[in-house]
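All remarks here apply to the structure that follows.
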Amino acid sequence: MNARFIGLIMKKDLSGLLNEKTILLAILLQVFIAMFSSFLMVGLTTMYDPSALQGYSGVRYGIGYAGSEDSGLKTYLSESSQFRVFDMELSPAVAALKERKLSAVVYVPRTPPDGDEPVKITLYLVQNDIQSAIVNVKLKEIFLEYEEELRSLRSDRIELVPVALEFPGERSEGFYEFIYGLLIPLLLFMPAIISSALIIDLITEEYQRRTLETLVSTPMAITDIIWGKILACEVLVPIQAGAWLVLLGLNGIVVSHVLPVLLQVSASSMVLILVGALTALYYRERSTAQFVFSTAVVILILLALAFPNNPLNLVALLATGAPAAGSYAVLAGMIGLAVLLGILVTSYAKRSAKKTLSS
Amino acid sequence: MNVFASILTIASWEVRKTLGTMGRSVLPLAVVLFLILIAVTGFTSQTGLHLQDGMYIAGVDDPDLADVIGSDPRFRIYQATPAALYRDRESYDVIIVGGDVYAPDTGKGRAAVKALRTDYDRYKNIVYSQQQDLFAAYPLWIDVQDIKSELDFVATQSGTRVAAPSRSRSPPVPEGPVAEIEAPDSGVDIPVEDLRTGLLESQDSDSEIYRYTDVFGQESPFGTFKTPHQLSPPLPFDSIILIFVFIFPLYFTSQFFMMSVMNERLERRGEILLSTPLSPWTIIAGKALPYFAGMIAITLVLTLWVGQSLSLLLPILPVILFFLASALIIGMVSRSFKELSFISIFFSTVATSYLFFPTIFANVHVISLVSPLTLVILEIQGEAFTVSQYFYSTSLFFLTSAVLLYVGVKNFKEERLFSHAGLLTRIREFVSEGVSRSHPYISVFAITALTVPFVFMVQMMLLVLFFNLPMPLSLVLLIVSAAFVEEVAKSIGLYTLLFNSERFASWKTVAIISAVTAAGFLFAEKLLLFVTLSQITESVFGSVLFLSLGVIWIPFLLHFATVALVGISLKLRGPQGYIPGLVAASVVHCLYNLYFIRGWFA
């Protein structure tokens, strides 16, 4: 292999990418995914806790209350700052709910709180309404409190007692696990997927446009050409992943262990790219190679995710600042796998070139 | 020769050629890969996704706590004496000493507490559901009754708070007639042992999706009858997975079609087909037919396999057409394989999110109906969809597919297929194909009118995207982006005409084009609204997108002015004037929207 030739091919393919400018679409896509998933999370959180927003604090939702007068639930509802409780007959209350003059209607039967029978409450809500979903979540907290009270009234009948734990503060909804446990691994591995699709295009295109024959007739060897392409794809990975880390940092999301994270991502993508290169060398035709490869990648990723300490898991752990003991062993394993695949690609490329020439 | 016969001939060529290039070994391999995929999916869903394993480091002083958090792989658990735990508290994300939970006040600490809390709830429920006296452990049950509100469509989308928090202290009085409702029975009519097994089973069901948010909950095994814990609206998770099974093969088949179109362009192979007396319609129909038939067949088989009714095909049909039409265009515009990949990955991700994202809200909000797949979910859940719902969610897909197919057919000829110009130039060429020499203005009218379904589609996407943000922000973003999208669409005809021929480079023609564009846009917008979307136009969000059905001349003036702005900018500064012109036009458009929706400057 000749380093100068490899460099030449790399330069040719990278400048081809730059000229077409369509790689912008790939980058745009990553931004789109990041935006989309974050919007989803932010949206869901504000749904859960709208009082976090200005203009929603101090809002009270109207609840129609019907049935038993002296239920503990009524006390909880009235004491809550979220609701305004109205004593009503069931029928007009439901009619008012239909006209959206109330947010929900609760009917409580006269079941004694410490009786043998459970207390069965009927809750009327407006169907398919986001507001209903919010009221639902708020009512759930009240119902849980009331359930706890009823449970303690009946506690002498409970024979298996769970271990008691006291938690600090209120229930809170945060993004931490979503950002570090899902978004960051996803974003950092996107470039790997893109690059491995790219290597298939680069190789099959030379076959299908019959330009490989021209290239091979120069002093360049087939291995120079293939490795030039592989490196062109590989070099894009840390650049894109690094850009993500910078962008995340600008948004106040600090990723620790930057270097090991980038190494882990680069090594894993090298494995994917080499598998892609093998597929492309074997089929020499884009649609088949892409189809087989993308199905195989889905299988590989799903399979990897089935085991702990997979590269995505390790990137999540590194990013949170608590690398697992096995982190570096897995990294070494990935690099070893890449080396093996690299040798395989080199010898297979040589063999397939011989076959082409003799046929 | 009969047109149908030629279509069939081309279709059979296409099948033979595709099988020829792919080699016979691929089909069995595809089947094997598919089987492995199913097996791996099953295996992974058994073991769970190990993505966040070991994320939190927990310190405990009591070995019995293993029951509570031991089964959660997110925690790395260490046991130590209370004193040691307290001393090394900095190295833990959460510690449990004497039944009290402590965590540092950091993002990670709070997240660890949240995770622990969910685990603890789960553990408590498992213990409680094993009680001899179940109703002592579960003393409270809730029967949730959904009430259909007549105001559904209009009210839920409006940004104003619907289930209005009232300020008054006296109970509200319904205006309409009051239907008599009997007080519900206080008894529980499900046997206790059934309740117990149901409770235990619902603890086992996959908890990984519910890690991220409390808004969605597990489905109660007893239908509307729930414990307080099960009260959150269920995520239609199974149906969403099922839909993915439907869409995935369709996506791949359209990829093959895309590649087949691209193959015709490699080394000018398509010349043979083009030199036959067959019309482009026939050629494209023939080439697309095997893929279309294949997609229908796959859908059919899957439908029967999951045991659903065949009416499931109805909402999937427009999706198939849309995939094929876009595959045709993408195969025709890409210059190289990598460009093909980038464009198709981009397109498929955007299309998939448009199709999937709304379905998450299938049980929560009517907005979910912008995606035809929501109809599939409804159907799977056993609620038949109505004709108007079908119309509402599929019309945009039918219309845009028709437009894309038309553009593809119009451009299916030598000078377009074998050109090597850049993407933007090619798109301009594609559009210019629609401009007639003798009636350029009528063409601009038509082109602008044809962009409207796309504009609606993009705006729907934006609506879904921004709808999640807090209210003032979402409205502002929607106003700005909707205006920009409209301006881009309206400028397409103008831009094409100005750069295609010197004829149109005078001030007078710019004015005429602007007027024609405005008229075309207005015409199509009103027509489409009238046909499909009138249901949501009355809400605040709707009115941002589709303002004022009533008066015609004010929006006409707006459209005219904004197109003219782009025109003036283009005329003065050439291609560099395009972006500034668009920005200026969008600003004017936004101001107009703000004025009319909120009367902010009144």
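These protein sequences, in sequence, are chains C and W.
112 is the number of the first residue of the first sequence in the numbering used here; add one for each residue after it.
5 is the number of the first residue of the second sequence in the numbering used here; add one for each residue after it.
Note that CB positions come from ideal geometry on N, CA and C, so glycine has one too.
The continuous beta strand (DSSP E) containing residue 175(C) extends over residues 172 to 178.
Identification of chain W residues near residue 199(C) by a Cβ-Cβ cut-off of 9 Å yields 175, 176, ordered along the chain. DSSP, read as helix, strand or coil, puts residue 571(W) in helix. Taking a contact as a CB-CB distance under 8 Å, the pair residue 138(W) and residue 196(W) counts as one, their CB atoms being some 5 Å apart.
Residue state for residue 110(W) is assigned as coil, using DSSP reduced to three classes. Using a Cβ-Cβ cut-off of 8 Å, residue 410(C) counts as an interface residue toward chain W, since at least one Cβ of chain W sits closer than that to its own.
Against chain W, a Cβ distance below 9 Å from residue 403(C) picks out 30, 33, 34, 37. In the DSSP assignment, residue 194(W) falls outside any alpha helix (DSSP H), carrying neither H nor E.
A Cβ of chain W is located within less than 8 Å of the beta carbon of residue 134(C).
By the beta-carbon neighbour count (other beta carbons within 10 angstroms, threshold 16), residue 54(W) is buried. Under the rule that a run must span 3 or more residues, the beta strand (DSSP E) segments found entirely inside the stretch 15 to 92 of chain W read 60 to 64, 79 to 83. Going by C-alpha positions, residue 358(C) is about 18 Å away from residue 371(C).
The beta carbon of residue 323(W) sits closer than 8 Å to those of 251, 254, 359, 376, 377, 401, all from its chain and outside the five residues before and after it, given in chain order. The stretch 371 to 390 of chain C and the stretch 12 to 25 of chain W do not touch, with fewer than three beta-carbon pairs separated by less than 8 Å. Under a 10 Å Cβ-count criterion, residue 121(C) is classified as buried, with 16 or more other Cβ atoms of the shown protein chains found around its own Cβ. DSSP places residue 215(C) in the uninterrupted beta strand (DSSP E) bounded by 215 to 219. A straight-line Cα-Cα distance of about 22 Å links residue 418(W) and residue 131(C). Between residue 116(W) and residue 279(C), the gap from beta carbon to beta carbon reaches 8 Å or more. When rounded, the separation of the alpha-carbon atoms in residue 363(W) and residue 373(W) is 8 Å.
Under the three-state reduction of DSSP, residue 238(C) is assigned to coil, being neither helix nor strand. The C-alpha of residue 406(C) lies about 25 Å from the C-alpha of residue 293(W). Contacts with chain W at 8 Å (Cβ-Cβ) do not include residue 323(C).
Beta-bridge annotation (DSSP): residue 431(W) is not paired with any residue. Distance from the CA of residue 448(W) to the CA of residue 350(W), rounded to the nearest whole angstrom, comes to 29 Å. Contact annotation: residue 421(W) and residue 336(W) have beta-carbon atoms nearer than 8 Å.
By DSSP's assignment, residue 511(W) forms no beta bridge with any residue. Straight-line spacing of the CA atoms in residue 343(W) and residue 137(C) works out to 10 Å. Put simply, the stretch 295 to 309 of chain C touches the stretch 420 to 439 of chain C. At least three CB pairs are less than 8 Å apart. By the criterion of a C-beta distance shorter than 6 Å, residue 357(W) is surrounded by no residue of its chain, once the five residues flanking it on both sides are discounted. Within the stretch 114 to 130 of chain C, 127, 128 place their CB atoms closer than 8 Å to a CB of chain W, listed in sequence order.
Identification of chain C residues near residue 134(W) by a Cβ-Cβ cut-off of 7 Å yields 271, ordered along the chain. For the pair residue 491(W) and residue 424(W), the CB atoms are not nearer than the 8 Å cut-off. DSSP lists 231(C) as the bridge partner or partners of residue 145(W). Between the C-alpha atoms of residue 302(W) and residue 129(W) there is a straight-line separation of about 43 Å. For the C-beta of residue 145(W), the chain C residues within less than 8 Å are, from N- to C-terminus, 229, 230, 231, 232.
Shortest Cα-Cα distance from residue 194(C) to any of 219(C), 238(C), 247(C), 146(C) involves 247(C).
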